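Peer 1:
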Amino acid sequence: MPAHWRWSRSRLQKGDGRLQKLRTLEDCSDRFPVTGIGNAWSREYYDGPFYLVAAPSGRPAISLVFVQTRDGNTGASNPEDLGGGPTDKHLIYEGLSRVAADGVLAGASSVGRSVFFTISEPQLVALRRDLGLPRHLAQIVMSNDGNFDLSARIFTTPDVPVFLLAGNQCIAKVGADVRRRPWITMIAIGGGLPGTFKRLRDEHGIGRISAVGGRVTATSLVDAGLVQDIYLTTSPIEGGEPDTPWYVGKRAPKLDLIVSKRELAPSPIVFEHLMIG
Ligand SMILES: NC(=O)c1ccc[n+]([C@@H]2O[C@H](COP(=O)([O-])OP(=O)(O)OC[C@H]3O[C@@H](n4cnc5c(N)ncnc54)[C@H](OP(=O)(O)O)[C@@H]3O)[C@@H](O)[C@H]2O)c1
């Protein structure tokens with residue numbers, strides 16, 4: 397482990413053990429089709445309303461959510477090693493970025509055995525309830541080839557709907573098992589991603605999606621023109637798996653700043669909400 401990792405991580409653990417407030421650096425939200433949400437607690441900690449970009453006509457709104465290291469890496473077997481700390485985890489990642497969403501989406505490689513996408517902070521659980529949304533979000537997994545474990549927690553929680561966006565190989569591999577679990581809906585992606593997401597919206601009421609990666613999944617969504625914006629946290633440390641930016645395709649999208657914030661902490665995270673052009 398490089399020395400700067402050890403230093404930075406021990407500082408994070410020692411000094412910033414709990415959620416800290418953010419302070420706004422720049423707010424350009426009046427140039428974009430956004431709506432602000434929040435309650436007194438979230439406005440205090442996030443320093444203002446949290447913006448949602450309007451959904452495009454006929455499709456769900458899809459927002460990416462990533463934490464990257466200072467040198468731009470997003471890959472790590474344990475994403476907490478990327479240095480986002482409790483403010484990113486509880487206020488942004490398991491919090492505001494999904495508080496108004498109908499579902500959380502991840503690629504098969506980011507669905508470990510114990511993964512279950514939820515909201516942890518009680519004040520944001522209350523905000524979700526006040527928005528008239530159910531306690532839990534639908535869990536959405538994308539897979540072409542079925543490289544995931546059907547006994548993982550995300551697939552074995554019958555109270556919470558799961559949507560498996562599945563390629564032909566995946567359907568052949570797990571289709572029979574999935575049909576025995578009525579809480580899992582399998583949607584074939586053979587007809588292309590735009591049609592798949594239109595079906596999710598029209599037939600299953602999924603109008604807003606928080607897409608949490610990883611980079612391969614995020615890139616395929618961006619390249620298909622399905623993503624409106626990204627909530628991007630940059631941590632104060634270097635590290636992560638080398639050469640793992642959140643976008644790994646051929647046409648890096650144009651990004652326009654909606655709002656930027658900095659954590660009130662000795663080693664602050666920087667948060668940016670960016671429109672994807
Ligand atoms: N920094 C962060 O915020 C963050 C967030 C999430 C994950 N991560 C980290 O990122 C790493 C994983 O990222 P990754 O990019 O390697 O994998 P990933 O995007 O999580 O998953 C890739 C897999 O998802 C499926 N997939 C992706 N796009 C698809 C499409 N268009 N159609 C059908 N299936 C599709 C495929 O599954 P099949 O192989 O089954 O076909 C593919 O192999 C891990 O280290 C994880 O911890 C970091």
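FYI, in my numbering the residues of the sequence shown are 397 to 673. Think of the CB as a built atom: it goes at the ideal place given N, C-alpha and C, for glycine as much as any other residue. If you're wondering where the values come from, they're calculated on a predicted model, not measured in any experiment.
Measure the alpha-carbon distance for residue 520 versus residue 536 and round it to whole angstroms.
Peer 2: As a working note, residue 520 is residue 124 in the sequence shown. As a working note, residue 536 is residue 140 in the sequence shown. The straight-line gap from Cα to Cα measures roughly 21 Å.
Peer 1: Less than 6 Å between C-beta atoms, sequence neighbours within five positions excluded: which residues of the same chain meet that for residue 402?
Peer 2: Here the question's residue 402 lines up with position 6 in the sequence shown. Its pLDDT being 28, under 50, residue 402 is placed unreliably in this model, and the value from its coordinates should be taken loosely. Once the five neighbours on either side are set aside, residue 402 has no close Cβ partner at all.
Peer 1: Who pairs with residue 629 in a beta bridge, going by DSSP?
Peer 2: As a first step, residue 629 must be located in the sequence shown, where it is residue number 233. Looking at the DSSP assignment, residue 629 forms a beta bridge with 463, 667.
Peer 1: Please work out which residues of its chain come closer than 8 Å, Cβ to Cβ, to residue 452, disregarding the five sequence neighbours upstream and downstream, and give them in chain order.
Peer 2: Walking along the sequence shown from the start, residue 452 turns up at place 56. Within the same chain, residue 452 has close Cβ partners 624.
Peer 1: With a Cβ-Cβ cutoff of 8 Å, do residue 515 and residue 491 count as a contact?
Peer 2: Taking the first residue of the sequence shown as 1, we reach residue 515 at position 119. Taking the first residue of the sequence shown as 1, we reach residue 491 at position 95. For residue 515 and residue 491, yes; Cβs fall inside 8 Å.
Peer 1: For residue 506 versus residue 610, is the C-beta spacing smaller than 8 Å?
Peer 2: For this step, residue 506 is matched to residue 110 along the sequence shown. For this step, residue 610 is matched to residue 214 along the sequence shown. Yes, the Cβ-Cβ distance between residue 506 and residue 610 is below 8 Å.
Peer 1: Short check: CB of residue 478 to CB of residue 463, under 8 Å?
Peer 2: For the purposes of this step, residue 478 is identified with residue 82 of the sequence shown, where counting begins at 1. For the purposes of this step, residue 463 is identified with residue 67 of the sequence shown, where counting begins at 1. It is a contact, given that the beta carbons lie within the stated cut-off.
Peer 1: Is the beta carbon of residue 541 within less than 7 Å of some heavy atom of ligand 1?
Peer 2: Residue numbering aside, residue 541 sits at position 145 when the sequence shown is read from its first letter. Yes, Cβ of residue 541 sits closer than 7 Å to a heavy atom of ligand 1.
Peer 1: Note down, one range per segment and in chain order, each alpha helix (DSSP H) of at least 4 residues found wholly within the stretch 516-569.
Peer 2: List check, alpha helix (DSSP H) in window: 518-526.
Peer 1: Looking at the structure shown, is residue 470 part of a helix, part of a strand, or coil, going by DSSP?
Peer 2: Mapped onto the sequence shown, residue 470 falls at position 74. In this structure, residue 470 counts as coil in the three-state DSSP scheme.
Peer 1: Just to check, is the beta-carbon of residue 501 closer than 7 Å to a non-hydrogen atom of ligand 1?
Peer 2: For the purposes of this step, residue 501 is identified with residue 105 of the sequence shown, where counting begins at 1. No, the beta carbon of residue 501 sits no closer than 7 Å to any heavy atom of ligand 1.
Peer 1: Quick check: the Cα distance between residue 436 and residue 443, rounded to an integer number of angstroms?
Peer 2: Along the sequence shown, read from residue 1 onward, the residue named residue 436 stands at position 40. Along the sequence shown, read from residue 1 onward, the residue named residue 443 stands at position 47. Going from the Cα of residue 436 to the Cα of residue 443 covers about 10 Å.
Peer 1: Ligand 1 heavy atoms versus the CB of residue 582: any closer than 7 Å?
Peer 2: Position 186 of the sequence shown, counted from the first residue, corresponds to residue 582. Because no heavy atom of ligand 1 lies under 7 Å away, the Cβ of residue 582 does not count as near it: no.
Peer 1: Taking the continuous beta strand (DSSP E) assigned at residue 655, which residues delimit it?
Peer 2: Position 259 of the sequence shown, counted from the start, is the residue given in the question as residue 655. Its beta strand (DSSP E) spans residues 651-659.
Peer 1: Is the Cβ-Cβ distance between residue 538 and residue 504 less than 8 Å?
Peer 2: Here residue 538 corresponds to residue number 142 of the sequence shown, with the count starting at 1. Here residue 504 corresponds to residue number 108 of the sequence shown, with the count starting at 1. Yes, these two residues count as a Cβ contact at 8 Å.
Peer 1: Under 8 Å: do the stretch 553-566 and the stretch 583-594 share three or more Cβ pairs, one atom per stretch?
Peer 2: Yes, since at least three Cβ pairs between the stretch 553-566 and the stretch 583-594 fall closer than 8 Å, the two stretches touch.
Peer 1: Where DSSP assigns a beta bridge to residue 431, which residues make up the other side?
Peer 2: Your numbering for residue 431 matches position 35 in the sequence shown. 448, per the DSSP bridge assignment.
Peer 1: From residue 420 to residue 628, what does the alpha carbon distance come to, in whole angstroms?
Peer 2: Within the sequence shown, numbered from 1, the residue matching residue 420 stands at position 24. Within the sequence shown, numbered from 1, the residue matching residue 628 stands at position 232. So the two alpha carbons sit approximately 14 Å from each other.
Peer 1: Which word fits residue 614, buried or exposed, when buried means at least 16 other C-beta atoms lie within 10 angstroms of its C-beta?
Peer 2: As a first step, residue 614 is located in the sequence shown; it is residue number 218 there, counting from the start. Residue 614 comes out buried.
Peer 1: For residue 414, I'd like the list of residues in its chain whose CB is within less than 7 Å of its CB, leaving aside the five on either flank, ordered along the chain.
Peer 2: Along the sequence shown, read from residue 1 onward, the residue named residue 414 stands at position 18. 482.
Peer 1: Work out the CA separation of residue 635 and residue 512 for me, nearest whole Å.
Peer 2: Locating residue 512 in the sequence shown gives position 116, counting from the first residue. Locating residue 635 in the sequence shown gives position 239, counting from the first residue. In a straight line, the C-alpha of residue 512 is about 25 Å away from that of residue 635.
Peer 1: Pick out whichever of 621, 525, 577 has its Cα sitting closest to the Cα of residue 645.
Peer 2: For the purposes of this step, residue 645 is taken as the residue at position 249 of the sequence shown. Residue 645 has its Cα closest to that of 621, out of 621, 525, 577.
Peer 1: Rounded to the nearest angstrom, how far is the Cβ of residue 630 from that of residue 665, given a contact under 8 Å?
Peer 2: On the sequence shown, position 234 is the one that residue 630 refers to. On the sequence shown, position 269 is the one that residue 665 refers to. About 7 Å; that satisfies the 8 Å criterion.
Peer 1: Going straight from the alpha carbon of residue 632 to that of residue 470, what length do you get?
Peer 2: Counting from 1 along the sequence shown, the entry for residue 632 is found at position 236. Counting from 1 along the sequence shown, the entry for residue 470 is found at position 74. Approximately 13 Å, taken between the alpha carbons.
Peer 1: I'd like the list of long-range same chain contacts for residue 466, defined as Cβ closer than 7 Å, with 5 residues on each side in sequence excluded.
Peer 2: The residue given as residue 466 occupies position 70 in the sequence shown. Here the set comprises 630, 631, 632, 633, 634.
Peer 1: Does DSSP put residue 581 in a helix, in a strand, or in coil?
Peer 2: Translated into positions along the sequence shown, residue 581 becomes position 185. Three-state result, residue 581: strand.
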